[in-house]
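Under mature numbering (1 follows the signal peptide of the UniProt record, and there is no 0), the residues of the sequence shown are numbered -21 to -1, 1 to 113, in order.
Okay, so here's the structure we're looking at.
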Amino acid sequence: MTRRFGLLAVALLLITGCASMKITRETLDTSVRDYQQLIRWQEVSSAAFLVSEPMRPEYLEKATGFNRVKVVDYRIKGVDFSKEQKKATVIVEYDYHLKSGLTIKTVVDTQTWQYFDTIEPEGWRLTSYPPAFP
């Protein structure tokens, strides 16, 4: 029984250790999609948890532009993914209107993402600031 438990523990460690080392396009896509959905639903403070921790206070200051607008749609236009550099650039178009009007406008946001596996909670984090809404 003890031996079986020991083998199970070793197997779990190997599985979780290998899984945590995966820097994949799939994990990037999940983080990017989660962030965009939170922005779309005006959950900026929740979206900030996907921002690199040292940048978070300034990100939240710059994200006040989201208070003036309603994002009605977004499109991911391109992704440049580098597993070796643990970085990605994501081009997103946001369709929005000012809360005081109904004219739909579009802004392009070039986002930079980085995979952290040592200094922050492991995973993809946004390392750029939100767009300025004209």
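In this text, a Cβ means the ideal position worked out from N, Cα and C, and glycines have one as well.
Everything numeric in this text was worked out from a predicted model, so none of it was measured.
Between which residues of its own chain and residue i is the CB-CB distance below 7 Å, once the five residues before and five after are set aside?
i: LYS49; result: TYR75, HIS76 and LYS78
i: ASP59; result: ALA67 and THR68
i: ARG19; result: VAL50 and TYR53
Output yes or no for whether 9 Å exceeds the beta carbon distance between residue i and residue j.
i: GLY44; j: ALA111; result: yes
i: TYR108; j: GLU5; result: no
i: GLU72; j: VAL87; result: yes
i: TRP103; j: LEU7; result: yes
i: GLN21; j: TYR53; result: no
Tell me the rounded alpha-carbon separation between residue i and residue j.
i: THR97; j: ARG12; result: 23 Å
i: THR89; j: GLY80; result: 25 Å
i: THR3; j: LYS62; result: 7 Å
i: LYS1; j: PHE28; result: 21 Å
i: PRO113; j: ASN46; result: 13 Å
i: ILE55; j: ILE70; result: 6 Å
i: LYS65; j: GLU101; result: 12 Å
i: LYS41; j: PHE95; result: 23 Å
i: VAL23; j: THR9; result: 17 Å
Below 8 Å on the Cβ atoms is my guess for residue i versus residue j; work out the distance and round it to an integer in Å.
i: MET34; j: THR106; result: 7 Å
i: SER25; j: GLN93; result: That belief does not hold up - the Cβ atoms of SER25 and GLN93 are roughly 20 Å apart, past 8 Å.
Sorted by chain position, which residues of the same chain lie with C-beta nearer than 8 Å to residue i's C-beta, five sequence neighbours on each side aside?
i: THR82; result: HIS76
i: THR85; result: GLU72, TYR73, ASP74 and TYR75
In chain order, what residues of the same chain have a beta carbon less than 6 Å from the beta carbon of residue i, not counting five sequence neighbours either side?
i: LEU39; result: ALA27
* Segments assigned beta strand (DSSP E), at least 3 residues, entirely inside the region 55 to 97 -> For the beta strand (DSSP E) assignment, the uninterrupted runs of no fewer than 3 residues enclosed by the region 55 to 97 are, from N- to C-terminal side, 66 to 77 and 84 to 95.
* Any beta strand (DSSP E) of 3 or more consecutive residues that is wholly inside the region 1 to 63 -> If only uninterrupted beta strand (DSSP E) runs of at least 3 residues are considered, those enclosed by the region 1 to 63 are 48 to 61.
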